[in-house]
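Working notes, beginning with the structure itself.
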Amino acid sequence: MPDADSIGTVGSADCGDMLRMFLKFTDKDGKKVIDRASFQSFGCQTAIAIASMATEMLKGKSIADAQKLSAEEMTTDLGPLPPVKIHCGQMVEGALRSALDEEEKDQHSNPVDTNTLASSIVTPSSKGGKIKINITQPENTP
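Numbering follows numbering that gives the first Met the number 0, in which position 57 of the sequence shown is assigned residue number 56; successive positions increment by one, without gaps.
Rendered as structure tokens:
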């Protein structure tokens with residue numbers, strides 16, 4: 000979503016999944032509400048399904064109402080998750096909270112970064128951000 004007002008990114012070191020949540024807000028009766036939500040995911044089908052459900056649930060919600068959503072609420076329509084997939088809902092909840100926290104900050108002083116997850120991994124940051132890999136060969140010891 001190139002015109003997102005807020006973006007939250009979260010990853011799981013346990014499984015290697017990453018998820019970015021994009022939010023676009025509108026004014027409804029003098030109250031800021033979520034107009035659109037979308038996501039980008041490097042993850043399993045469960046994470047993608049939960050994120051998709053969350054984007055539908057978020058439409059029309061105020062920031063306060065969206066902050067109250069839990070991982071359990073976002074996964075209810077999918078049925079019980081296997082224990083090894085519970086973290087997928089928590090990851091989606093974390094990306095949502097990250098985006099909502101970002102929205103609460105002063106958006107005018109910090110422009111929104113609309114880069115994709117892939118480009119943020121391969122594009123060096125202005126802080127240096129390059130990864131240097133040194134390959135060492137074992138020494139031949141007698």
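Glycine is no exception: its CB is placed at the ideal position from the N, C-alpha and C atoms.
What are the boundary residues of the alpha helix (DSSP H) that residue i is part of?
i, result
"residue 56", "44 to 57"
"residue 67", "62 to 67"
"residue 12", "Counting along the chain, residue 12 falls outside any alpha helix (DSSP H), and DSSP gives it neither H nor E."
"residue 93", "85 to 103"
"residue 74", "70 to 74"
What are the boundary residues of the beta strand (DSSP E) that residue i is part of?
i, result
"residue 18", "17 to 27"
"residue 3", "First-last for residue 3: undefined, no H or E at that position."
Within 10 angstroms of the Cβ of residue i, are there 16 or more other Cβ atoms? Answer buried if so, exposed if not.
i, result
"residue 25", "exposed"
"residue 16", "buried"
"residue 4", "buried"
"residue 12", "exposed"
"residue 75", "exposed"
"residue 103", "exposed"
"residue 50", "buried"
"residue 98", "buried"
Within the same chain, show all residues whose beta-carbon is closer than 6 Å to that of residue i, passing over the 5 residues directly before and after it, in chain order.
i, result
"residue 8", "19"
"residue 84", "45"
"residue 47", "40"
"residue 59", "32"
Excluding sequence positions up to five away, which residues of its chain have a Cβ less than 8 Å from the Cβ of residue i?
i, result
"residue 57", "22, 33, 36, 65, 68 and 95"
Any idea which residues DSSP pairs residue i with across the strands?
i, result
"residue 143", "Lying before the first or after the last residue shown, residue 143 is absent from the chain, which here runs from 0 to 141."
"residue 39", "19"
For residue i, which residues from the same chain have a beta carbon less than 7 Å from its beta carbon, with the 5 sequence-adjacent residues on both sides left out?
i, result
"residue 54", "36, 37 and 38"
"residue 73", "49, 52, 53, 56, 88, 91 and 92"
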